[in-house]
Amino acid sequence: MNFQDLKIETQKLVENKTASRDETLLAICQLLNRNIAHYNWVGFYFANHDTQTLHLGPYVGAETDHTVIPFGKGICGQVAVSNANFVVPDVAAQDNYIACSITVKSEIVVPLFANGKNIGQIDIDSHVIDAFTEEDERFLEFVNSEVAKLY
Ligand code: SME
3 MNFQDLKIET QKLVENKTAS RDETLLAICQ LLNRNIAHYN WVGFYFANHD
53 TQTLHLGPYV GAETDHTVIP FGKGICGQVA VSNANFVVPD VAAQDNYIAC
103 SITVKSEIVV PLFANGKNIG QIDIDSHVID AFTEEDERFL EFVNSEVAKL
153 Y
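Okay, structure coming up:
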């Protein structure tokens, strides 16, 4: 399935009012993980602005110990503060990086804005080095704009 078809499938999942929000988020993770070869781990983190921490939400892929990440720590924590996409072509070259698995070679994190606020992010890990392009950024921005409709 190409990005255009995946956008339509994402919209359909968001429009399915019989699913809970977490069910929809998990279904989106599964859709992306199954259909995009370089998306090996797909998950959402959500911000708690009072405690300045990110909390793991629905995800697909290897289990991770990093269910709570302080703002500023790792790629995810930096995006919680910067409000900007973060594409990491080679995780081994990053100082402020939280390793989940040695199989991960590259990563992309795109912030999730709802009602004008950075409420979390979508995080994708790849087993391939330099896996992510601007096309992934635009696609994941679209996915997040759809997810924002659930808030
Ligand atoms: N690598 C991330 C941590 C989350 S895992 O990839 C699931 C980071 O540096 O923030």
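With the working numbering, the residue at position 134 of the sequence shown is 136, and numbering never jumps.
All C-beta atoms in this analysis are idealised placements derived from N, C-alpha and C, irrespective of residue type, glycine included.
Just so it is clear, the structure is predicted and the values come from calculations on it, not from any experiment.
In this structure, Glu-65 has its beta carbon at no less than 7 Å from each heavy atom of the ligand SME. In the three-state reduction of the DSSP assignment, Ile-121 falls in the strand class. Linking Gly-45 to Ile-110 through their CA atoms gives a straight-line distance of about 11 Å. In this structure, Ala-116 lies away from Ala-82, with their beta-carbon atoms at least 8 Å apart. Between the beta-carbon of Gly-79 and that of Leu-27 there is about 20 Å, and that puts the pair past the 8 Å contact cut. In this structure, the straight-line span from the alpha carbon of Asn-50 to that of Pro-72 is close to 10 Å. Residue side-chain check: Asp-127 places its Cβ nearer than 7 Å to a non-hydrogen atom of the ligand SME. Distance from the C-beta of His-68 to the nearest heavy atom of the ligand SME is below 7 Å. Residue burial is scored here from C-beta neighbours: Asn-4 has fewer than 16 other C-beta atoms within 10 angstroms and is therefore classed as exposed. Restricting attention to Thr-20, Ile-10, Thr-66 and Ser-147, the CA atom closest to the CA of Asp-127 is found in Thr-66.
The Cβ atoms of Ser-108 and Asp-92 lie closer than 8 Å to each other.
When DSSP states are grouped into helix, strand and coil, Phe-48 belongs to the strand group. Just measuring C-alpha positions, the residue of Glu-25, Ala-29 and Gln-54 sitting nearest Ile-121 is Gln-54. A distance below 7 Å between beta-carbons, with the five flanking residues on each side excluded, links Arg-23 to the following residues of its chain, in chain order: Leu-152.
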